[in-house]
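Residue numbers (my numbering): 71 to 147. Quick reminder that beta carbons are idealized off the backbone N, C-alpha and C, glycines included. Since this is a predicted model, take the numbers as computed values, not measurements. Okay, structure first, notes after.
Structure representation (structure tokens):
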């Protein structure tokens, strides 16, 4: 996730004098949300991330080497 929606929500809450220290997502798509939230002083927590899912699917032969490499390139790994 890029964090755009989460960042906007956090900014609105902070404008209302609500303290936000942590944000939680199920899957981190590894598109920059960590950095965007860190700039606001918020830690991002996730159950898993897109690379962990992709590697698991690859190990189980659900996706091939080409798809694995495309995901790696997409997230800049």
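Check: First through last residue of the alpha helix (DSSP H) which encompasses residue 99; Outcome: Segment: none, residue 99 is in no alpha helix (DSSP H) and carries neither H nor E.
Check: Same chain, Cβ closer than 6 Å to residue 141, five either side skipped, listed in chain order; Outcome: 124
Check: Option in 91, 97, 76 and 122 with minimal Cα separation from residue 111; Outcome: 91
Check: Helix, strand or coil at residue 90 [DSSP, three-state]; Outcome: coil
Check: As assigned by DSSP and simplified to three states, the class of residue 138; Outcome: helix
Check: Beta-carbon gap between residue 107 and residue 86 smaller than 9 Å; Outcome: no
Check: Check: residue 128 C-beta below 8 Å from any heavy atom of the ligand GDP; Outcome: Among the components modelled here there is no ligand, and therefore nothing to report on the ligand GDP.
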